[in-house]
Every structure is written in C-alpha cells, then in structure tokens.
Amino acid sequence: MTQITISPVTRIEGHAQVRIQLNDQKQVERAHFSVVELRGFEKFLIGAAVEEAPRITPRICGICPTSHHLASAMAVDQIFGVTPPETGRKLRELLAHAQCIHSHAIHFFMLAAPDFLIGHDAPAQDRNVLGMVKKAPAIARNAIEVRKLGQRITEAVGGKPIHPSNAVPGGISRPLEEAQRAALLTQARNGLSIAEEGWELARTLLDATDLSLGAVETAFMGMCRDGEYTLSDGQVLIAGKDGNPLGSFAGADYVRHIQEYSEPWSYLKFVRLASGEHYRVGPQARLNLCRAMGTPLADAALKEYRGRFGSWVQAPLAANMARYVEFLASCERTVRLLEDPAITGTRVREPAGKVVNHRGVGILEAPRGTLIHDYTVDEQGFIRECNLIVATCQNSWAIDRSVEQAARGLVRDGALTEAAGNRIEMVIRSYDPCISCATHAIGRMPVAVEVRDAINI
C-alpha cells in the first residue's frame, strides 16, 4: 500500500499532517488528519491550587489564551461560590470579544485569504501572508491594525497582550481607567470601520469556490442566549444534521450530552454526542443555531450569508464567511461595551473565600467553538481532577472525514499535485484548527520509557 503524506499542514496553529493511503489500483483507501504532539495540561494541573488555573491555562495557546483564561475563571467562580459584579462581567465580555477580533482577523486575512485572493494553485512561496502584502497591501495593513485592537484590549483589561492574568475568582483584579477606555474606544471605532469595509471582500470571497470540497454532514453545537448570538452567558444548544433540536445544557450537565473517545491515528481527543452522532462547533455552528447576531452590521451580514448558503449550512468552506460575520459582531459589541459608562466602574470583583463547591465547570464560546474547563478540587482547593474539552477536539472527526472526502476527489492516478494538496489544506483551514489547544488525549498513549542505572560522574 502506497502512502501520500502532506507534512506539515500549513497556515494553521500547531503541527499536523495528512496521510493518504492508496490501494493497489492507486485509489484512495483511506485518509486521515493526524496530530502527533501531546502537551498534557490536564495532568500537570493536578495538585495545583485551583485559583492558579486561570493563570496557568492561558499557556495552552498563544492564539486563544484569553478563552482558556476566561473559561477557567468561570469554573473557579463556581468552586468559590462567587458571581462577578456587573462591571466585572462586562470586562470579561470585553475580553472575550477582543479574543474573537484578534483570532478571526488572523485567520480570515492571513491564513485563509491567500488561497482565495492569490489562488489555491499559486506557487507556495506566493500563497501566504507575504504574498498578501505584495498583492493587496491595504488589506494586509488593515488586518494588522484590527488584530492590534484585540491585543490592546487584552493588555488593558487582561494585564498582558498574551496570556492574560487579570480574571480572578469573582471577577477582574483591577478596573479599567477612564483614559484607557477613551483610547480603546477610539481604536475600536477605527477597527469597526475596517471590519465594515472588509465585508465587501468577505462577501465575495467564495464566489469562485466549489463548496462541495470536503463536504461532510454533522450535527452542530453552540451557545445562544434567547436565540441571540453570545459568547459566554447562554445555554449550549444541540441540533441534529437535519437542523432539528436535540437538547441543551449548561455547566456539569455536559457529561450527559457528549462523550470523549480516542482514535489510533491521532493524539487528538475526539468528542461525539452521547447518541454516537458526530457534531461540529465554531462560527458555522453558532450561525446555524442562533436566530440573530444582535448588532446591525452583523445582522445584515447574517441575512446575506443565509441568502447565499441557506439557514442551515453544512459546507465546511462556508465557515470562512461565517467567521467574518462573527468578526463584525465582535467589533460592534466591543464599541458598544466601551461606550457603556458602567465599564469603568470600580466594583469589579466579588471577594472569594473558602471552597464552597468541589466541582466547577466553565463553558464559553472560543473563536473556534465551545470550550469546557472542568475542575474537581479537595477541601483545600487543590485540583484533583481536570478535564479540558476544546473546539478542535469536537471538530476532529469532521476534519478527518473532510480530508478523506477531498482526497478521494483530488488524487489522480495515485498522485497528488501541489495545488491539489493545498486544496485539501484549504478544507482543514476552514475549520481553523488550533492544534496546541487540542493535543489532549485519553486512553493509553504509546510511549516507551527506558530505565537505566544511574552513572556516577
């Protein structure tokens, strides 16, 4: 049996490869999206004081550290039995939208756009962010500018532009100063203008794209609040592949609805519904499940998105446009939050005392989809059990099946051209996988340990 390997998969966060196995007739026998790195955060969090978790878990990833920071803080709130005051909640919400602005800007403009604006069959040396700078310098400059907005907010509210630390049990450790609010509001309004201008590009990005590439049908899962798009304060909804509701949950109840498992070809953890049906999370899922975005520009974009793709969208490549609708929503909500006088209130934290609950589960919507932090602690508040379920783990089955579907149509006479290989990568990039976040595993890892006698030196 012959194997074709795409390694590494480019323009994603982290390291992965595609392995395509051919039979004797030079046809695709099977293909897999394979990840062979392991980090093990669930294990080395055990024994840590739970209040340290919001400062440790952002190190999981440099692209979406704020999402881990906030999900962890939400779990810790529950363990100490504290609810953040209004201003603390607003500042956390501001951080969540800053994370989406930063992450979605990177993916849309720098990781996905080169395939569509430069061409999926362009030479590899041109099909990247530097090629974007050469072909569309104004777009590249705007992408960098609006990405910076997300970082500046994270720095001001979270304490650092990367790996924030200010979300603590009961809220935020310090208030936002008026001078900071005014400066950020100016930047946010500029970012919103850039996002609105960029919609003219986003709305046509997929015009010449075969949306059947990597086609897969799944159920979907995502958070909504009374039918409206939200990142952190709603119920998690589940709908089957036909769009019919399958249930909803919040907090620790997630264990009744989803189950984790492993596959031999990857160190990624896989997740499916308790029924055995597979599902997806992320921008496409959230737009399928919500009734409205809740802001004018994003609602108009959502209407256009649905006018083109329908109200229930399965095509993986359509996620590129769904991601931009969310980008618009986060830019609008950021301006709205910074215009709110309550954002500079001084009561930003409810004091936390002793452990009240021995388990806390924080769930929010990260840029790539639903994120779950689940901690169990002892009487002194030291972590005894930890489970992290990230978006890419929940999307891993769909990514894998999309890869095989694309490979079957692109391998010709036992060969895969560079352009065809990049089309497989395009399908993977549409999921915006974050491999650093997703390299959590269950089951027995194939690790050999050799023990030797000590040598005196």
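For the sequence shown, position 116 matches number 715 in my numbering, and the numbering has no gaps at all.
Using N, Cα and C, we set each Cβ at its ideal position, and we do this for glycine too.
Starting from residue i, trace the alpha helix (DSSP H) in both directions and tell me its first and last residue.
i	result
LEU794	At residue 794 the sequence reads Ala, which differs from the Leu that was named. Note, ALA794: alpha helix (DSSP H), 777 to 801.
GLY749	736 to 757
CYS930	918 to 938
GLN724	No alpha helix (DSSP H) holds GLN724; DSSP gives it neither H nor E.
GLU641	640 to 643
ASN887	882 to 888
GLY906	895 to 908
ARG654	652 to 655
Can you tell which of the options has its C-alpha closest to the C-alpha of residue i?
i	options	result
VAL1026	GLY1013, ILE1034, ILE998	ILE998
GLU650	ILE738, SER671, HIS667	SER671
ASN741	ASP676, GLY1008, GLU796, ARG958	GLU796
LEU804	CYS699, ALA712, PRO653	ALA712
CYS1033	ARG638, GLN602, CYS663, GLU628	CYS663
SER929	THR829, GLY680, PHE707	THR829
ASP973	ARG1007, ARG967, LEU963	LEU963
HIS762	THR991, ILE659, GLN858	ILE659
ARG746	ARG688, ALA794, THR808	ALA794
ASP825	ALA766, GLY944, GLY893, ASP720	GLY893
ARG983	GLU777, ASN887, ILE678, GLN993	ILE678
PHE869	TYR878, GLU859, THR945, SER702	GLU859
PHE643	SER995, PHE981, ASP1031	PHE981
ALA818	ILE837, THR808, GLU978	ILE837
ARG1022	ALA1014, LEU1009, ASP1031	LEU1009
GLY646	SER995, TRP996, GLU978	GLU978
THR975	ASN956, MET600, ASN843	ASN956
ASP841	SER772, ILE971, ARG780, GLU876	GLU876
PHE708	ARG638, THR656, ALA801, ARG905	ALA801
GLN620	PRO722, THR601, GLY906	THR601
GLY1013	ASP623, ASP1031, HIS856, PRO760	ASP623
GLY952	PRO657, VAL681, GLU799	VAL681
VAL912	VAL756, GLY881, PRO940, ALA899	GLY881
ARG1000	LEU872, LEU729, GLU816	GLU816
According to the Cβ coordinates, are residue i and residue j closer than 9 Å?
i	j	result
GLY661	GLU636	no
GLU931	ALA897	yes
ARG885	ALA914	no
GLY758	PRO683	no
MET822	THR969	yes
LEU748	ALA782	no
ALA704	SER666	no
ILE942	LEU791	no
LEU845	SER874	yes
ASN986	GLU641	yes
CYS1036	VAL989	yes
SER831	GLU938	no
PHE926	ALA917	no
LEU690	VAL934	no
ASP1006	VAL617	According to the sequence displayed, residue 1006 carries Ala and not Asp. Yes, the pair counts as a contact, with Cβ atoms nearer than the cut-off.
GLU1003	THR609	no
CYS699	PRO950	no
ASP725	LYS733	yes
SER847	SER995	no
ILE611	LEU710	yes
Which residues share a DSSP beta bridge with residue i?
i	result
PRO844	ALA838
ASN956	In DSSP, ASN956 forms no bridge with anything.
LEU987	HIS972
GLN602	GLN620
LEU963	LEU970
VAL767	GLY770
TYR878	ALA818
ILE982	VAL976
TYR828	CYS823
GLU612	CYS1033
ALA648	PHE981
ALA891	GLU827
Taking the beta strand (DSSP E) that residue i falls in, what are its first and last residues?
i	result
ILE942	No beta strand (DSSP E) holds ILE942; DSSP gives it neither H nor E.
ARG824	818 to 824
TYR860	857 to 860
PHE869	869 to 872
GLU628	627 to 633
Measure from the C-beta of residue i to each C-beta in chain E and report whether the shortest distance is under 9 Å.
i	result
GLY881	Within the model displayed, chain E is absent; a lone protein chain is all it includes.
Does the beta-carbon of residue i, which I'm using as the reference point, lie nearer than 8 Å to any heavy atom of the ligand MN?
i	result
ILE1034	The model depicted lacks the ligand MN and carries no ligand whatsoever.
Original post:
In the stretch 1005 to 1034, which residue ranges form an unbroken alpha helix (DSSP H) of at least 4 residues, counting only runs that do not cross its ends?
Top reply: List check, alpha helix (DSSP H) in window: 1017 to 1029.
Original post:
Which ranges does the beta strand (DSSP E) cover as unbroken runs of at least 3 residues, wholly within the stretch 679 to 704, from first to last along the chain?
Top reply: You should have found no qualifying run.
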